[in-house]
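Take a look at the structure below.
Residue numbers (the working numbering), protein chains in the order written: chain A, 1 to 573; chain B, 574 to 958.
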């Protein structure tokens with residue numbers, strides 16, 4: 001009786017408070033993320049305008065000198081835009097072609113292609129760049145040697161150490177993302193939208209141009225944006241393929257400025273800021289074009305897309321898809337494997353001279369690489385676990401909580417995607433140096449940076465799963481008397497299981513292959529695979545660096561295999 | 574690949590020219606399969622010029638596949654489809670005219686309104702394909718949008734339209750194309766009940782105005798009854814029964830049809846003898862019931878017993894006795910349920926139990942002793958499944 005008397009009075013007050021209330025599940029991640037993103041960004045800006053002592057943090061004198069200095073290095077920015085634009089156009093073209101072939105045609109082996117074309121992305125740009133420098137070097141490259149042997153001449157087929165070569169390698173290793181994003185949109189499109197075009201007299205071409213393409217445009221543009229940002233911030237490919245031709249892009253210019261003596265931090269920061277502005281403009285442009293066009297994601301329902309019999313085009317498409325698998329997977333892994341069993345940098349094709357000594361060296365004998373492998377595994381597990389935990393909590397807060405500020409939390413979570421990772425790591429490094437606790441030179445610093453930069457990836461994965469789960473399932477448990485934490489433990493997490501597993505594996509793989517974010521943050525005491533392979537490339541000799549790259553590739557391939565085995569076929573990448 | 578123009582020239586003049594005046598769409602021996610599962614099994618039917626035909630059946634009966642074969646969205650494995658005298662599909666002659674050359678219109682279950690276009694552009698699409706002059710396009714689109722009451726939405730983007738509005742745009746788009754025939758695939762199933770009834774009336778109205786041959790696929794018997802000139806009931810890829818709505822209602826041929834259309838008492842018993850009129854008499858429980866004149870006992874169930882169907886609306890109840898004649902019994906009202914516009918009784922009679930629906934007038938009480946009469950014309954022998 002007493003309870004009944006209290007209840008009605010308490011209810012309206014609670015309702016009022018709920019509206020203006022910002023729950024802890026929203027403000028806490030918001031504050032932490034804003035700090036982890038905002039402070040490095042703030043330091044980057046102050047340094048970019050620092051005209052006094054280049055080592056001072058934060059700066060004491062401000063001016064525009066650094067940006068004026070940049071004007072004498074406009075080629076860096078020009079080159080960055082060149083490879084980012086070229087790589088995006090080529091990569092999107094490949095992505096559309098592959099997604100179409102896999103999801104919309106009757107080309108044989110579609111399921112295999114779907115699996116195989118996803119692999120180059122987790123294998124990563126470092127493996128790609130190393131392998132293609134062995135395949136496409138003008139004189140020693142395997143393909144060019146084969147070509148010269150076959151033609152009897154001594155002019156190579158192509159030179160990978162050119163801007164075009166860099167664009168090519170960037171494109172083939174970024175294309176899987178486009179296949180994934182565009183393919184998902186194709187599966188979400190109601191096939192009757194195309195069927196009705198046929199009904200009203202639209203032929204194949206009219207339907208493709210007037211209906212299919214506009215409906216795919218949002219997916220194509222967001223895939224393009226993802227690639228563009230990714231290539232702008234990419235380090236391994238332009239560095240490994242461009243350095244010998246003194247072709248500099250912004251990222252390796254920053255690296256040189258950073259490593260030079262004396263290091264020119266302010267100029268590096270100014271360059272970084274320019275990159276952020278460029279990606280910011282790209283994001284803004286895409287959002288402008290896409291405004292009011294979010295229709296592709298209106299239903300979460302998956303359709304079986306209408307499959308087109310390509311008739312005479314079937315085998316050419318099959319050949320093109322196979323060609324992609326060959327140049328992105330078979331040849332790179334083959335080249336690395338061949339180089340990794342050599343006794344010297346001169347490739348020998350006689351199996352009796354091959355050796356596993358390089359593997360023994362990098363895994364067992366050499367302490368730095370041994371430690372790098374161990375550290376990368378620790379980072380992979382750590383980023384996977386903590387990243388999924390953070391992303392799940394944020395996704396639940398965004399989609400399930402009624403607190404205000406949810407949308408803001410989502411936007412802040414996705415923000416690192418617009419930052420080139422190398423630039424973020426650069427700012428993050430300064431943040432760590434200015435913090436009172438000693439973080440620099442620890443694995444924890446790298447781990448924290450990884451979690452922040454990969455949070456958009458993790459959030460995207462988890463939020464897709466959280467949205468699909470009917471909130472009534474959770475509400476039923478609440479009605480049944482379970483507390484919030486019990487609902488999470490007994491209903492939400494088990495339902496999210498396969499999504500969690502897939503996202504965990506994705507984070508594990510991208511952490512193991514990462515170089516841009518760890519280049520500045522790992523040092524001699526905390527070696528990590530990506531930077532270790534890179535410095536080995538500088539100094540260690542071809543067979544050993546190939547062996548180390550193969551180890552990285554194997555870890556990723558095993559992770560891919562495991563997740564497909566355990567999580568079933570619904571998992572991609 | 575064979576173009577449609579080529580077939581128009583080579584199409585044999587035989588057959589369609591004579592029947593073509595009335596039989597506008599002809600489907601002969603149509604067989605269709607998904608992967609290895611045959612979903613439409615050798616069915617034949619035709620639609621007369623201006624006729625409204627419904628394909629009715631539960632989900633998975635092959636009705637949508639049949640429609641999609643006529644539209645050219647699925648390729649049958651055998652059979653022949655002729656539209657307006659022109660064969661558009663023939664497995665024997667190797668003809669398969671692509672969808673876009675069949676000059677049909679279709680309303681999809683999901684409406685398939687293109688979200689990246691305005692309402693105007695959606696409706697104008699077919700006219701642009703037909704290279705109609707721009708001024709005429711404007712006039713025709715405006716006219717047809719006015720007919721469906723959507724003229725105020727002409728320049729709006731097609732996103733954020735309600736279900737009913739999308740439905741109207743889909744109808745407008747279909748009529749604007751001036752097709753040879755209209756195909757509708759469960760067009761009302763995504764609307765709420767009240768709107769469904771209203772749109773049903775509007776479709777019927779438009780149908781009368783344009784007088785187009787129409788094939789309408791639905792699983793809703795009420796919809797099919799309300800809207801069609803003729804109904805084909807499909808079941809597991811076969812045609813179970815075809816006819817005018819009232820004929821199917823009054824004389825279902827099988828238990829499936831009796832159950833699927835309207836409400837019926839399915840009574841099970843044995844054939845006793847021919848009655849005075851020559852119609853069969855069935856023994857149902859303790860009762861002997863005379864069947865419709867001229868009817869025959871149908872295929873019995875596996876236990877050898879025969880079935881009859883009695884629509885719940887036809888048996889009569891009275892307090893005073895009927896004046897003799899066939900099929901008159903004493904009965905008791907067991908249960909009475911008032912459903913608003915109608916009242917439903919469960920009545921105990923010598924044949925067991927009978928459900929009867931009538932109007933809420935002179936209500937009988939539960940337990941009341943009554944007299945029951947079932948006119949033989951409404952006692953229909955049906956085939957067991």
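Backbone N, C-alpha and C define an ideal beta-carbon position, used for all residues, glycine too.
Report task. Taking only beta-carbon positions, decide if residue 673 of chain B is within less than 8 Å of chain A. Result -> Interface residue, yes.
Requested in this report: Take the Cβ of residue 819 of chain B as the centre, count every other Cβ of all protein chains shown within 10 Å, and call the residue buried at 16 or more, exposed below.
Outcome: With fewer than 16 other Cβ atoms within 10 Å, it is exposed.
Query - Rounded Cβ spacing between residue 910 of chain B and residue 933 of chain B (contact assumed at less than 8 Å) - result: At roughly 11 Å, the Cβ-Cβ gap does not stay under 8 Å, so residue 910 of chain B and residue 933 of chain B are not in contact.
Query - Under 7 Å from the C-beta of residue 679 of chain B: neighbouring residues of chain A - result: Residues of chain A passing the Cβ test: 196 and 199.
**Report entry** Exposure of residue 161 of chain A, with buried meaning 16 or more beta-carbon neighbours within 10 Å
**Finding:** With 16 or more other Cβ atoms within 10 Å, it is buried.
Query - Contact check, residue 125 of chain A vs residue 234 of chain A, beta carbons under 8 Å - result: Closer than 8 Å, so yes.
Query raised in the report: When you check each C-beta in the segment 169-195 of chain A against every C-beta of chain B, which residues fall closer than 8 Å?
Result: Taking 8 Å as the Cβ-Cβ cut-off against chain B, the residues of the segment 169-195 of chain A that qualify are 190, 192, 193 and 195.
Query raised in the report: Between which two residues does the alpha helix (DSSP H) containing residue 376 of chain A stretch?
Result: It spans 367-400 - the alpha helix (DSSP H) in which residue 376 of chain A sits, taken as one unbroken run.
Query raised in the report: Run through DSSP, which three-state label would residue 278 of chain A get?
Result: Residue state, collapsed to three classes: helix.
Query raised in the report: Which residue from A:493, A:89 and A:110 puts its Cα closest to that of residue 308 of chain A?
Result: Ranking A:493, A:89 and A:110 by Cα distance to residue 308 of chain A puts A:110 first.
Query raised in the report: Where does residue 689 of chain B fall in DSSP's three states?
Result: Shown here, residue 689 of chain B sits in coil according to DSSP, grouped into three states, outside any helix or strand.
Query raised in the report: Can the beta-carbon of residue 697 of chain B be found less than 8 Å from the beta-carbon of residue 710 of chain B?
Result: Their beta carbons are under 8 Å apart, which means residue 697 of chain B touches residue 710 of chain B by this criterion.
Query raised in the report: Apart from the five residues on each side of it in sequence, which residues of its chain come closer than 6 Å, Cβ to Cβ, to residue 692 of chain B?
Result: Within the same chain, and ignoring the five residues on either side of residue 692 of chain B in sequence, the residues whose Cβ sits closer than 6 Å to its Cβ are 726, 727, 729, 731 and 742.
Query raised in the report: For residue 145 of chain A, which residues in chain B fall below 8 Å Cβ to Cβ?
Result: Simply none; closest approach about 46 Å.
Requested in this report: Would you verify that the beta carbon of residue 685 of chain B is, or is not, closer than 8 Å to some beta carbon of chain A?
Outcome: At least one chain A Cβ lies under 8 Å of residue 685 of chain B.
Query - Contact residues within the segment 796-820 of chain B, judged by C-beta distance below 8 Å to chain E - result: Given the protein chain composition of this structure (A and B), no chain E is represented.
Report task. Give a yes or no on whether the minimum CB-CB distance between residue 689 of chain B and chain A is below 8 Å. Result -> Residue 689 of chain B counts as touching chain A.
Report task. Mind reading off the beta-carbon distance from residue 855 of chain B to residue 635 of chain B? Whole number of angstroms is fine, and I expect it under 8 Å. Result -> Not really, about 33 Å apart at Cβ, beyond 8 Å.
**Report entry** Bounding residues of the beta strand (DSSP E) (the contiguous stretch that carries residue 758 of chain B)
**Finding:** Following the DSSP letters along the chain, one finds residue 758 of chain B inside the beta strand (DSSP E) bounded by residues 754-758.
Query raised in the report: Under three-state DSSP, which class holds residue 812 of chain B?
Result: In the structure shown, the three-state DSSP call for residue 812 of chain B is strand.
Query - Extent of the continuous beta strand (DSSP E) to which residue 794 of chain B belongs - result: Unbroken run through residue 794 of chain B is the alpha helix (DSSP H), 794-800; no beta strand (DSSP E).
Query raised in the report: So which residues on chain A does residue 745 of chain B lean against when the C-beta distance must stay under 7 Å?
Result: For the C-beta of residue 745 of chain B, not a single chain A residue is nearer than 7 Å; the gap to the nearest is close to 12 Å.
Query raised in the report: Should the segment 320-329 of chain A be regarded as contacting the segment 534-541 of chain A, the criterion being three or more beta carbon pairs within less than 8 Å?
Result: Verdict: no, contact absent.
**Report entry** Selected residue, minimal CA-CA separation from residue 189 of chain A, among A:173, A:446, A:217 and A:141
**Finding:** Residue A:217 is the option with its Cα nearest to residue 189 of chain A.
Query raised in the report: Cβ atoms of residue 894 of chain B and residue 949 of chain B: under 8 Å apart, would you say?
Result: The answer is no: Cβ separation not under 8 Å.
Requested in this report: Pick out whichever of A:422, A:364, A:210 and A:220 has its Cα sitting closest to the Cα of residue 184 of chain A.
Outcome: If you compare the alpha carbons of A:422, A:364, A:210 and A:220 with that of residue 184 of chain A, the shortest gap goes to A:220.
Query raised in the report: Are there 16 or more other CB atoms within 10 angstroms of the CB of residue 230 of chain A, so buried, or fewer, so exposed?
Result: Classification of residue 230 of chain A: buried, given that the 10 Å Cβ count is 16 or more.
Requested in this report: Could you tell me if residue 251 of chain A is buried or exposed, where buried requires 16 or more neighbouring beta carbons within 10 angstroms of its beta carbon?
Outcome: Here residue 251 of chain A is buried, its C-beta having at least 16 other C-beta atoms within 10 Å.
**Report entry** Listed by chain order, chain B residues near residue 110 of chain A by CB distance under 9 Å
**Finding:** The contact set of residue 110 of chain A on chain B, defined by CB atoms closer than 9 Å, is empty, because the minimum CB distance reaches about 15 Å.
Report task. Drop a sphere of 10 angstroms on the beta-carbon of residue 836 of chain B, count the other beta-carbons inside from all chains shown, and report buried for 16 or more, exposed for fewer. Result -> Answer is exposed; the Cβ neighbour count stays below 16.
Requested in this report: Would you list the one or two residues that DSSP bridges to residue 660 of chain B?
Outcome: Looking at the DSSP assignment, residue 660 of chain B forms a beta bridge with B:655.
**Report entry** Environment of residue 406 of chain A [buried if 16+ CB atoms lie within 10 Å]
**Finding:** That one is buried.
Query raised in the report: Less than 8 Å separating the beta-carbons of residue 649 of chain B and residue 621 of chain B?
Result: The answer is no: Cβ separation not under 8 Å.
Requested in this report: Count the CB pairs spanning the segment 328-347 of chain A and the segment 129-138 of chain A that are closer than 8 Å, and state whether there are at least three.
Outcome: Counting Cβ pairs under 8 Å, three or more are found: they touch.
**Report entry** Chain-ordered chain A contacts of residue 703 of chain B [CB-CB under 8 Å]
**Finding:** Simply 201.
Query raised in the report: Using a beta-carbon distance below 8 Å, is residue 214 of chain A in contact with chain B?
Result: Cβ-Cβ to chain B under 8 Å: yes for residue 214 of chain A.
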